[in-house]
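Undergrad:
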Ligand SMILES: Cc1ncc(COP(=O)(O)O)c(C=O)c1O
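Residue numbers (the working numbering): 1 to 362.
(1) With a Cβ-Cβ cutoff of 9 Å, do residue 342 and residue 270 count as a contact?
(2) Candidates 34, 154, 266: which alpha carbon is nearest residue 336's?
(3) Between residue 104 and ligand 1, is there a pair consisting of the residue's CB and a ligand heavy atom that are separated by less than 8 Å?
(4) Just to confirm my understanding: we take residue 145, look at its own chain, exclude 5 residues before and 5 after, and list those with CB closer than 6 Å. What are they?
(5) Just to check my reading of the structure: residue 199 and residue 183 have Cβ atoms closer than 8 Å, yes? What is that Cβ distance to the nearest angstrom?
(6) Any heavy atom of ligand 1 closer than 8 Å to the Cβ of residue 158?
(7) Please name the residue or residues paired with residue 67 in a DSSP beta bridge.
(8) Go ahead and pull the three-state DSSP assignment for residue 18.
(9) Between residue 203 and residue 302, what straight-line distance do the alpha-carbon atoms span, to the nearest angstrom?
(10) Scan the stretch 36-100 and note each continuous beta strand (DSSP E) run of 3 residues or more that stays entirely inside, going in chain order.
(11) Rounded to a whole number of angstroms, what is the C-alpha to C-alpha distance between residue 75 and residue 205?
(12) Quick check on residue 357: does DSSP put it in helix, strand or coil?
(13) For residue 337, name the three-state secondary structure that DSSP assigns.
(14) Taking three-plus beta-carbon pairs below 8 Å as touching, is the stretch 96-110 in contact with the stretch 239-248?
(15) Is it true that the CB of residue 56 sits closer than 9 Å to the CB of residue 252?
(16) Going straight from the alpha carbon of residue 352 to that of residue 191, what length do you get?
(17) Listed in chain order, which residues are found with a beta carbon closer than 6 Å to a heavy atom of ligand 1?
(18) Beta-carbon within less than 6 Å of residue 279's beta-carbon, same chain only, minus the 5 sequence neighbours each way: which residues are those?
(19) In angstroms with no decimal places, state the Cα-to-Cα distance between residue 84 and residue 157.
(20) So, using beta-carbon positions, are residue 135 and residue 99 closer together than 9 Å?
(21) Give me the Cα-Cα distance between residue 115 and residue 142, rounded to the nearest whole angstrom.
(22) Under a Cβ-count criterion, where at least 16 other Cβ atoms within 10 Å of its own Cβ denotes burial, should residue 6 be classed as buried or exposed?
(23) Identify which residue in 247, 332, 268 has its Cα closest to the Cα of residue 13.
(24) Take residue 95 and list the residues in its own chain whose beta-carbon comes closer than 6 Å to its own, dropping the five residues that flank it on each side.
(25) Suppose contacts are defined by Cβ-Cβ distances below 9 Å. Is residue 67 in contact with residue 193 by that definition?
(26) Quick one: measure Cβ to Cβ for residue 259 and residue 59, integer angstroms, because I've assumed they're closer than 8 Å.
(27) Using the beta-carbon count (16 or more within 10 Å), is residue 354 buried or exposed?
(28) Measuring CB to CB, does residue 256 end up less than 9 Å from residue 65?
(29) Quick check on residue 242: does DSSP put it in helix, strand or coil?
(30) Grouping DSSP H, G and I as helix and E and B as strand, with all else coil, what is residue 185?
(31) Check this for me: beta carbons of residue 327 and residue 196, under 9 Å apart or not?
(32) At the level of alpha carbons, what is the spacing between residue 292 and residue 227?
(33) Whole angstroms is fine: what's the gap from residue 166's alpha carbon to residue 185's?
(34) Could you pull out every unbroken beta strand (DSSP E) segment of at least 3 residues lying fully inside the stretch 295-342, listed in chain order?
(35) Please classify residue 32 as buried or exposed, where buried requires at least 16 other C-beta atoms within 10 Å of its C-beta.
Here is the structure:
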């Protein structure tokens with residue numbers, strides 16, 4: 001029996017996407033081999049690769065002026081690749097820091113060139129509890145780009161509107177934000193996401209970038225690190241993570257069957273409402289530390305009256321086959337990651353457990 005999986009990433013994948021992989025594992029389409037055992041330049045894999053790109057393009061309504069890329073090295077390599085490609089000597093890039101991952105992206109940029117902090121949500125207690133209001137940002141209109149983390153996986157905060165950066169191109173780490181709802185790609189010059197939350201397994205990064213922005217990338221860096229290399233070769237410059245891309249295809253096909261991003265967003269909002277509703281209703285026991293307007297729909301964080309109770313909560317939930325609930329070690333508490341593969345029913349099971357746990361321990 002599969003567990004109710006609330007892991008932050010790698011996260012649970014939709015069962016139909018995994019079942020399809022199981023059914024095709026030993027013999028993909030009559031080839032007598034699995035898709036991971038055949039050439040990435042062969043007909044079978046190329047069809048999968050193209051289908052994944054087509055599904056993504058259709059579901060997000062990606063304009064033809066953009067290109068979808070499959071990359072490797074995790075979102076963390078993007079922290080380095082973005083400044084390597086776009087931060088030229090003498091230039092400057094702006095960073096909106098709203099959590100641990102944004103801090104890491106900023107730190108990487110500083111190795112390459114001049115990185116400026118356009119906003120930092122850190123409190124004197126070293127916590128990140130909210131995203132900025134537009135008037136709080138100090139954007140340099142000549143910045144090579146402005147980088148933000150659209151959902152803060154660890155801290156449980158999220159951007160619902162994206163800032164207007166004027167002439168400065170907007171670059172977003174959307175690792176835990178990508179594909180939970182429709183969004184307007186034309187607001188971004190580049191959006192990237194490690195797949196291991198809403199899209200597929202770890203090992204694949206999906207990036208969507210404006211073609212003219214890619215073309216601006218520096219040519220004095222190794223080829224493998226240039227976006228243009230991957231774009232010019234349709235993400236087949238070197239061997240891509242073929243099995244990962246295949247699973248991404250299965251997940252995207254499942255999403256389309258679910259009614260696409262509009263239907264998926266409706267479910268995700270219902271899940272978040274159920275969780276925050278429970279936390280707020282039992283406010284003598286549960287407390288969400290983040291600002292209300294910044295509360296993430298994907299990663300719902302909360303505290304209990306003591307760390308001992310938090311530990312017991314995680315272990316009692318585990319006994320009921322609910323996994324992945326422990327908050328990130330840097331912030332503690334409980335974190336419910338409610339990505340697309342988590343159903344409304346899964347959340348109902350969890351919220352009734354929360355009610356019961358509060359009654360028994362409150
Ligand atoms: C928002 C965000 N950015 C970046 C990362 C780092 O991703 P990776 O481990 O793929 O490098 C994570 C990982 O959880 C994340 O949540």
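Just so it is clear, CB atoms sit at the ideal spot from N, CA and C, and this is done for glycine as well. Please read all numbers here as calculations on a predicted model, not as lab measurements.
TA: With the given structure in hand:
(1) Here residue 342 refers to the residue found at position 342 when the chain shown is read from its first residue. Here residue 270 refers to the residue found at position 270 when the chain shown is read from its first residue. The beta carbons of residue 342 and residue 270 sit no closer together than 9 Å.
(2) Against the chain shown, residue 336 aligns to sequence position 336. Nearest C-alpha to residue 336 among 34, 154, 266: 154.
(3) Taking the first residue of the chain shown as 1, we reach residue 104 at position 104. In this structure, ligand 1 has a non-hydrogen atom nearer than 8 Å to the beta-carbon of residue 104.
(4) For the purposes of this step, residue 145 is taken as residue 145 along the chain shown, with counting starting at 1. Here the set comprises 86, 93, 169, 171.
(5) Position 199 of the chain shown, counted from the first residue, corresponds to residue 199. Position 183 of the chain shown, counted from the first residue, corresponds to residue 183. Contact check for residue 199 and residue 183: beta-carbon distance about 14 Å, past the 8 Å limit, so the pair fails to qualify.
(6) Position 158 of the chain shown, counted from the start, is the residue given in the question as residue 158. No, since every heavy atom of ligand 1 falls outside the 8 Å radius drawn around the Cβ of residue 158.
(7) Translated into the one-based positions of the chain shown, residue 67 becomes position 67. The partner list for residue 67 (beta bridge, DSSP) reads 209.
(8) On the chain shown, position 18 is the one that residue 18 refers to. In the structure shown, the three-state DSSP call for residue 18 is helix.
(9) Within the chain shown, residue 203 is the residue found at index 203, counting from 1. Within the chain shown, residue 302 is the residue found at index 302, counting from 1. Cα-Cα distance, rounded: 29 Å.
(10) Fully enclosed beta strand (DSSP E) runs of 3 or longer: 66-71, 92-97.
(11) For this step, residue 75 is matched to residue 75 along the chain shown. For this step, residue 205 is matched to residue 205 along the chain shown. Cα-Cα distance, rounded: 7 Å.
(12) Position 357 of the chain shown, counted from the start, is the residue given in the question as residue 357. DSSP places residue 357 in the helix class (H, G or I) of the three-state scheme.
(13) Along the chain shown, one-based indexing puts residue 337 at 337. Note: residue 337 maps to strand in three-state DSSP.
(14) With the cut-off at 8 Å, the stretch 96-110 and the stretch 239-248 do not touch.
(15) What you label residue 252 is simply residue 252 of the chain shown in a count that begins at 1. What you label residue 56 is simply residue 56 of the chain shown in a count that begins at 1. At the C-beta level, residue 252 and residue 56 come within 9 Å of one another.
(16) Position 352 of the chain shown, counted from the start, is the residue given in the question as residue 352. Position 191 of the chain shown, counted from the start, is the residue given in the question as residue 191. Distance between the alpha carbons of residue 352 and residue 191 is about 37 Å.
(17) This selection yields 9, 74, 75, 76, 101, 149, 153, 173, 175, 176, 194.
(18) Taking the first residue of the chain shown as position 1, residue 279 is located at position 279. Counting only Cβ-Cβ distances below 6 Å, and skipping sequence neighbours, we find 286, 288, 302.
(19) One-based indexing of the chain shown puts residue 84 at position 84. One-based indexing of the chain shown puts residue 157 at position 157. If you take the alpha carbons of residue 84 and residue 157, they lie about 28 Å apart.
(20) In the chain shown, residue 135 corresponds to position 135, counting from 1. In the chain shown, residue 99 corresponds to position 99, counting from 1. Result no, Cβ atoms of residue 135 and residue 99 do not sit closer than 9 Å.
(21) Here residue 115 is taken as the residue at index 115 of the chain shown, counted from 1. Here residue 142 is taken as the residue at index 142 of the chain shown, counted from 1. In a straight line, the C-alpha of residue 115 is about 12 Å away from that of residue 142.
(22) Residue numbering aside, residue 6 sits at position 6 when the chain shown is read from its first letter. Taking all protein chains shown into account, residue 6 has 16 or more neighbouring C-beta atoms within 10 Å of its C-beta and is therefore buried.
(23) Reading the chain shown from its first residue, position 13 is the one you call residue 13. Ranking the options by Cα distance to residue 13, first place goes to 247.
(24) To locate residue 95, count along the chain shown from 1; it is residue 95. Sequence-distant Cβ neighbours of residue 95 in its own chain, meaning closer than 6 Å and more than five residues away, are 106, 115, 117, 147.
(25) Translated into the one-based positions of the chain shown, residue 67 becomes position 67. Translated into the one-based positions of the chain shown, residue 193 becomes position 193. Contact check for residue 67 against residue 193 fails: the beta carbons are separated by 9 Å or more.
(26) Reading the chain shown from its first residue, position 259 is the one you call residue 259. Reading the chain shown from its first residue, position 59 is the one you call residue 59. Not quite, the Cβ-Cβ distance comes to about 11 Å (not below 8 Å), so this is no contact.
(27) The residue labelled residue 354 in the question sits at position 354 within the chain shown. With 16 or more Cβ atoms within 10 Å of its Cβ, residue 354 is classed as buried.
(28) Residue numbering aside, residue 256 sits at position 256 when the chain shown is read from its first letter. Residue numbering aside, residue 65 sits at position 65 when the chain shown is read from its first letter. For residue 256 and residue 65, no; Cβs fall outside 9 Å.
(29) Reading the chain shown from its first residue, position 242 is the one you call residue 242. Of the three classes helix, strand and coil, the one that applies to residue 242 here is helix, per DSSP.
(30) Here residue 185 refers to the residue found at position 185 of the chain shown. Secondary structure of residue 185 (DSSP, three-state): helix.
(31) Walking along the chain shown from the start, residue 327 turns up at place 327. Walking along the chain shown from the start, residue 196 turns up at place 196. With contacts defined by Cβ atoms closer than 9 Å, residue 327 and residue 196 do not form a contacting pair.
(32) Position 292 of the chain shown, counted from the start, is the residue given in the question as residue 292. Position 227 of the chain shown, counted from the start, is the residue given in the question as residue 227. If you take the alpha carbons of residue 292 and residue 227, they lie about 37 Å apart.
(33) Translated into the one-based positions of the chain shown, residue 166 becomes position 166. Translated into the one-based positions of the chain shown, residue 185 becomes position 185. For residue 166 and residue 185, the distance between alpha carbons rounds to 15 Å.
(34) For the stretch 295-342, the full-length beta strand (DSSP E) segments reaching 3 residues or more read 299-302, 334-337 along the chain.
(35) Here residue 32 corresponds to residue number 32 of the chain shown, with the count starting at 1. Label assigned to residue 32: exposed.
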